[in-house]
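Below: the structure, in structure tokens.
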């Protein structure tokens, strides 16, 4: 006698925060109620982990650091991750997609994140890293650590979104409080994770499944993202234009992207012509040969508001790509996602270049404040150790 067996084909998405900055980011995501993903916090600082409101925490390098942190030394962070490599492997094994959130320039995030990414690559997990670069006032040494960490991380991840904190200063202005500044930085990280994961986990009028996301995110190159929110009669065009004209995306040529992922989030009042307007607006500035994947995520709690998130991948590559518009007829959340071969489209990120790429989310009200122009030639030689401890923990 045969008994029916329930098959679970829904994509498993995990979000890892590595180090102080990464852990703060995922705790922020937990409080923002991002659904359909599993959160894990990884750190060398045992005290910081105990204070976190995250179900799964992993302390690494207890023998090396005694639970006291990496001391802003990336070598300590890397060795700590290698010490617990088997533990980390067990934590991410079985995932279809992995997000790594980290602040570059400190000890744990800079040193351990590439180790986690290398494990994910060995397991053929689609891996996207979303990292921040330190403020200039944190000193040249910390910035050099960040550049080295990003270079190492780029060897293992499929797509890498880099957010320079210095550009936040332009957006936020002088009057912003310290807590609000860190909240906005976390919002940017959250926007990248939410914009991509919701396409898979939330059903919509035109669904995108995991295979579609893999096609775009595995495009061998650096990635950037932007989010725009608008309401009213012209909300579609306004939201799309905000997404592609984010201050954090300045000096970036979208026409060089080989893959474009578009997520439209709205209530049940989304119109067909709005879908067309958004698609045409974004395609007008992207490559004719780009793989474009568009999907919708419907939220009944949203009234007369529309959010557009764009993730452009494959920046700087020269290989030709065919046009492939994907916008529907996929299974929704209730019926599960299509099973895919994890090795399909598997490609490494291109070697790290000096050009800074960035992402941005408009989810914070603070971003509506007047932008402040910053003198790019002005450098602050402040040493990292001159920064108060509570600030270092925020960005370690």
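Numbering (the working numbering), first residue to last: 1 to 396.
Positions of the beta carbon are idealized from the N, C-alpha and C atoms, including for glycine.
For clarity, every value in this text was computed on a predicted model and none was experimentally measured.
Tell me the rounded alpha-carbon separation between residue 48 and residue 35.
Going by the C-alpha atoms only, they are around 24 Å apart.
Buried or exposed for residue 227, please, with buried defined as at least 16 other CB atoms from any protein chain shown within 10 angstroms of its CB.
The Cβ neighbour count for residue 227, taken over all protein chains shown within 10 Å, is at least 16; the residue is labelled buried.
Do residue 195 and residue 225 count as a contact pair if the criterion is CB distance below 8 Å?
Against a cut-off of 8 Å, the Cβ pair of residue 195 and residue 225 comes out as a contact.
Would the segment 231 to 241 and the segment 166 to 175 be scored as touching if the rule is three or more Cβ pairs under 8 Å?
With a cut-off of 8 Å, the segment 166 to 175 and the segment 231 to 241 do not count as touching, because too few Cβ pairs lie within range.
Report yes if the C-beta of residue 40 is less than 7 Å from at least one heavy atom of the ligand ADP; otherwise report no.
Because no ligand of any kind appears in the structure shown, any question about the ligand ADP cannot be addressed here.
My parser needs the alpha helix (DSSP H) runs of 4 or more residues fully inside the segment 246 to 323; what are they?
The segment 246 to 323 contains these whole alpha helix (DSSP H) runs: 272 to 283.
Measure the beta-carbon distance from residue 267 to residue 302 and round it to whole angstroms, keeping in mind my assumption that it falls under 8 Å.
Contact between residue 267 and residue 302 is confirmed by a C-beta separation of about 4 Å, below the 8 Å threshold.
Thinking C-alpha only, which one of 287, 183, 11 and 70 is nearest residue 314?
Comparing Cα-Cα distances from residue 314 to each of 287, 183, 11 and 70, the minimum goes to 287.
Here's the rule I'm using: 16 or more other beta-carbon atoms within 10 Å means buried, otherwise exposed. How should residue 131 be labelled?
With 16 or more Cβ atoms within 10 Å of its Cβ, residue 131 is classed as buried.
Return the CA-CA distance between residue 386 and residue 22, expressed in angstroms with no decimal places.
With a pLDDT of 44 at residue 386, under the threshold of 50, the predicted position of this residue should be treated as unreliable, though the coordinate-derived value follows. So the alpha carbons of these two residues sit roughly 22 Å apart.
Compare the C-alpha of residue 10 against each of 138, 201, 181 and 272 and name the closest.
Ranking 138, 201, 181 and 272 by Cα distance to residue 10 puts 201 first.
Local Cβ density within 10 Å of residue 63, reported as buried at 16 or more and exposed below that:
By the 10 Å Cβ count, residue 63 comes out exposed.
If we ignore side chains and look at the alpha-carbon of each, how far apart do residue 154 and residue 243 end up?
Cα to Cα, the separation comes out at about 25 Å.
Please report how far the alpha carbon of residue 265 lies from the alpha carbon of residue 127, in whole angstroms.
Cα-Cα distance, rounded: 23 Å.
So what's residue 218 in DSSP terms, helix, strand or just coil?
Residue state, collapsed to three classes: coil.
Which class does residue 69 belong to by DSSP, given the choice of helix, strand or coil?
In the structure shown, residue 69 sits in coil (DSSP, three-state: anything other than H, G, I, E or B).
Taking the alpha-carbon of residue 237 as reference, which of 281, 214 and 183 has the nearest alpha-carbon?
The shortest Cα separation from residue 237 among 281, 214 and 183 belongs to 281.
Considering only DSSP beta bridges, list what residue 40 is partnered with.
Under DSSP, residue 40 forms a beta bridge with 16 and 56.
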